[in-house]
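Structure, as structure tokens:
Written out as structure tokens, the structure is:
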């Protein structure tokens with residue numbers, strides 16, 4: 001049954017899927033973004049602080065990627 005669940009998750013990934021990897025730290029986080037094929041969107045990780053302002057910049061980064069990738 002486990003493979004059926006894994007296959008369902010894989011099948012849910014489409015060309016419009018943004019895959020994010022986040023290295024969580026106590027003060028600073030690092031994020032990377034990939035397309036559905038595993039191709040990275042940025043050449044280096046996006047660094048943001050563990051504050052409200054840091055998460056606002058992280059959200060802006062994601063929205064910017066979305067605009068450049070799917071709407072631009």
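Residue numbers (the numbering used here): 1 to 72. C-beta atoms are modelled at their ideal positions from N, C-alpha and C, and glycine is treated no differently.
Q.
Helix, strand or coil for residue 28? Go by DSSP, reduced to three states.
A. Strand.
Q) Cα-Cα, which of 4, 11, 48 and 6 is closest to residue 37? A) 11
Q) Hey, out of 56, 46, 9 and 70, whose CA is closest to residue 20's CA? A) 46
Q: Using a threshold of 8 Å, state whether the C-beta atoms of residue 26 and residue 33 are closer than that.
A: Pairing residue 26 with residue 33 gives a Cβ-Cβ distance that is not under 8 Å.
Q.
In the DSSP assignment, the alpha helix (DSSP H) including residue 66 goes from what residue to what residue?
A. 52 to 66
Q | Helix, strand or coil at residue 45 [DSSP, three-state] | A | coil
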